[in-house]
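Protein chains in written order, with our numbering: chain A, 1 to 108; chain B, 109 to 223.
All C-beta atoms in this analysis are idealised placements derived from N, C-alpha and C, irrespective of residue type, glycine included.
Below: one structure, written as structure tokens.
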């Protein structure tokens with residue numbers, strides 16, 4: 001079992017839909033990252049959080065430390081949101097463990 | 109451009125050849141990380157530096173792999189006697205490493221294809 005599990009693995013939705021991607025982890029963490037990776041391979045850090053909730057534009061990330069669970073939400077989704085979204089757990093040993101990613105495809 | 113840069117962006121090499129990749133971190137960042145990502149997988153940690161010191165190496169980093177950061181600025185990752193299984197995206201990231209929490213900034217990656 002992977003230490004960081006994401007669901008779903010693939011998600012296709014219509015433009016405008018509310019999107020939720022889930023992440024569960026089994027390790028102790030100092031922080032949890034949500035990353036976005038476009039087809040060219042470059043990775044952009046969306047959020048780093050250790051408690052509660054963060055919002056940036058149409059993106060919202062939440063984390064429940066007790067349940068070892070985090071969610072990434074996208075409101076009013078748009079085709080340009082199509083990408084792979086990766087959850088990564090930042091352990092206390094300075095190493096990050098990545099999930100396999102969720103491939104999101106937003107249809108116009 | 110103040111982001112993390114990597115060179116080359118793409119590399120095709122024949123099995124058995126040596127390859128070297130370069131990463132230039134954000135200038136004030138003292139931590140530099142190397143990751144490898146194979147198709148359909150999330151990135152996997154390879155190694156990281158704090159300034160010029162290599163503090164951690166993954167078991168994924170076999171003897172054919174070596175990484176350096178001689179002056180605490182740019183880093184190189186060399187793969188000797190490449191194998192087809194080395195084909196992957198090699199990602200570099202840097203961070204300021206201040207305090208417990210820090211954000212890593214990723215480069216665009218170097219895609220290696222071993223034929």
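Item: Reference residue 148 of chain B; option with closest CA among B:189, B:127, B:197 and B:173; Value: B:197
Item: is_contact[residue 68 of chain A, chain B] using C-beta, thresh 8 Å; Value: no
Item: Separation of residue 28 of chain A from residue 95 of chain A, as counted between CA atoms; Value: 12 Å
Item: DSSP beta-bridge partners of residue 123 of chain B; Value: Beta-bridge pairing links residue 123 of chain B to no other residue.
Item: Beta-carbon contacts of residue 98 of chain A that lie in its chain and below 7 Å, excluding the five residues immediately before and after; Value: 4, 86 and 88
Item: Stretch-stretch touch, CB-based, cutoff 8 Å, three pairs: the segment 73-80 of chain A with the segment 11-22 of chain A; Value: yes
Item: Test: residue 133 of chain B CB closer than 8 Å to a CB of chain A; Value: no
Item: Contact set for residue 157 of chain B: own chain, Cβ-Cβ below 6 Å, skip 5 residues either direction; Value: 140 and 177
Item: Nearest neighbour of residue 62 of chain A, chosen from A:16, A:33 and A:17 [CA to CA]; Value: A:33
Item: For residue 55 of chain A and residue 125 of chain B, the rounded distance between their alpha carbons; Value: 47 Å
Item: contact_flag[the segment 210-217 of chain B, the segment 162-175 of chain B] where n(CB pairs < 8 Å) is 3 or more; Value: no
Item: Exposed unless 16 or more other CB atoms sit within 10 angstroms - verdict on residue 35 of chain A; Value: buried
Item: Same chain only: Cβ atoms within 8 Å of residue 127 of chain B, ignoring 5 sequence neighbours per side; Value: 119, 121, 186, 187, 190 and 220
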